[in-house]
Ligand SMILES: [Zn+2]
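In the numbering used here, the protein residues as written are 7 to 355.
Structural data, given as structure tokens:
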């Protein structure tokens, strides 16, 4: 099957009451790890690339590597998603390249750092939705601003400075028609999210639940949702790394989110930690090795193990082939007819 729409994956997840991990990639090994995990657990897969990844790997390498995965494993449902598009043009270029889903992060200005006004966010996101839906492509927006910085993108801070306001989220969904909405509930990008195991004072799951109650038909997205497990930090540090002690988002909190409308969970840091730990181990234990395959193979295996674990924990395991894929053309028709309209005033009828 060709690449599928992310919207369909999330609609099916909503029906089945599970979440779908969206894992970031920069290279072949990471793509293979995700697809390997999807096969191992019979899961649908969202493969996402940031602007940084597109520039590092060069667009067409990345695109063709994902197509290769699709060609080799046609049984796996793969949605290809642009993570944190900073402008209409970035999203447009992703769609022209063949991405089946884009995130228009209008919460920040095009510099990827300065918070936008609500009106500016609505305008840029609405414009992207119009362009994307005409082509059958899914759009994720963001309301509120996440903490931290990753791949040069982010406003910094702890993530508590610009939490999502539930009423604004409803207005945003109504005025933009986004398929999925990333919300700010205290999470941050990068490895250093929390200075201790997070409680309700820093990770606002109550806010997430309130947003879902007001906006039950919009798929919610948790960004900055690596769990940063101590075991992975320990492996990196045991073999010569130097990570400061840190806490991520506990899997049980993500699972609570999934019970309350979260359908997409972004994970990048955990994959990076798994890969780095595996490579450091080879370097430390066998310093005579110099063939990249000697450390990239264990790195790929370590990431696959992590991704498969998350796929099981998010509940997407076993749902890889329990529905028929819709073509992007069918999605285009669905948007045009209004059947896929998510605006609260229409969707709740
Ligand atoms: Zn993000």
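Cβ atoms here follow ideal geometry from the backbone N, Cα and C, with glycine treated the same way.
In the DSSP assignment, residue 108 forms a beta bridge with 88 and 145. The beta carbon of residue 215 sits closer than 7 Å to those of 266, all from its chain and outside the five residues before and after it, given in chain order. Excluding five sequence positions before and after residue 242, the CB atoms of its chain that fall closer than 8 Å to its own CB belong to 249, 279, 282, 283 and 286, given in chain order. Annotation: residue 188 is outside any alpha helix (DSSP H); the continuous beta strand (DSSP E) that includes it extends over 186-189. Taking a C-beta distance under 8 Å as the contact criterion, residue 63 and residue 30 do not qualify as a contact pair.
Ranked by how close their Cα comes to the Cα of residue 133, the residues 150, 291, 330 and 112 have 112 in first place. Between residue 73 and residue 207, the alpha-carbon positions lie close to 43 Å from each other. Per DSSP, the unbroken beta strand (DSSP E) holding residue 228 starts and ends at 225-228.
Counting only the Cα atoms, residue 296 lies some 57 Å from residue 343.
Within its own chain, the residues whose Cβ lies closer than 8 Å to the Cβ of residue 23, once the five positions on either side in sequence are excluded, are 264, 265 and 321, listed in chain order.
Taking the C-beta atoms as reference points, residue 186 is found no nearer than 8 Å to residue 218. For residue 91, the CB contacts under 8 Å within the same chain, skipping 5 residues up- and downstream, are 57, 97, 100, 108, 109, 110, 111 and 134 in chain order. The DSSP-derived three-state label of residue 151 is strand.
Residue range 94-103 is occupied by the alpha helix (DSSP H) that includes residue 100.
Here residue 114 carries a strand assignment [DSSP, helix/strand/coil]. At the C-beta level, residue 151 and residue 138 stay beyond 8 Å of one another. At a Cβ-Cβ threshold of 8 Å, residue 317 and residue 49 count as neighbours.
In the structure shown, residue 28 adopts extended strand secondary structure according to DSSP, grouped into three states. At a cut-off of 7 Å, the beta-carbon of residue 213 does not count as near ligand 1: no heavy atom of the ligand is closer than that. Within the same chain, Cβ atoms closer than 6 Å to the Cβ of residue 18 are found at 329, the five residues on either side in sequence being excluded. Taking the Cα of residue 271 as reference, the smallest distance to any Cα among 51, 39 and 245 is reached at 51.
For residue 36, same chain residues with a beta-carbon under 7 Å away, outside a window of 5 residues either side, are 277 and 309 in chain order.
Where residue 41 is concerned, the enclosing alpha helix (DSSP H) starts and stops at 34-47.
The continuous beta strand (DSSP E) containing residue 270 extends over residues 268-273. Considering only 190, 21 and 245, the residue with the shortest C-alpha distance to residue 163 is 190. Checking the 7 Å criterion, the Cβ of residue 89 is within range of a heavy atom belonging to ligand 1. For residue 54, the uninterrupted beta strand (DSSP E) segment begins and ends at 51-55.
For residue 194, the beta-bridge partners assigned by DSSP are 153.
CA-CA distance, residue 353 to residue 84, rounds to 26 Å. Residue 184 and residue 204 have their alpha carbons spaced roughly 30 Å apart. For residue 181, the uninterrupted alpha helix (DSSP H) segment begins and ends at 172-182.
Comparing alpha carbon positions, the residue from 351, 332, 348 and 350 closest to residue 106 is 332.
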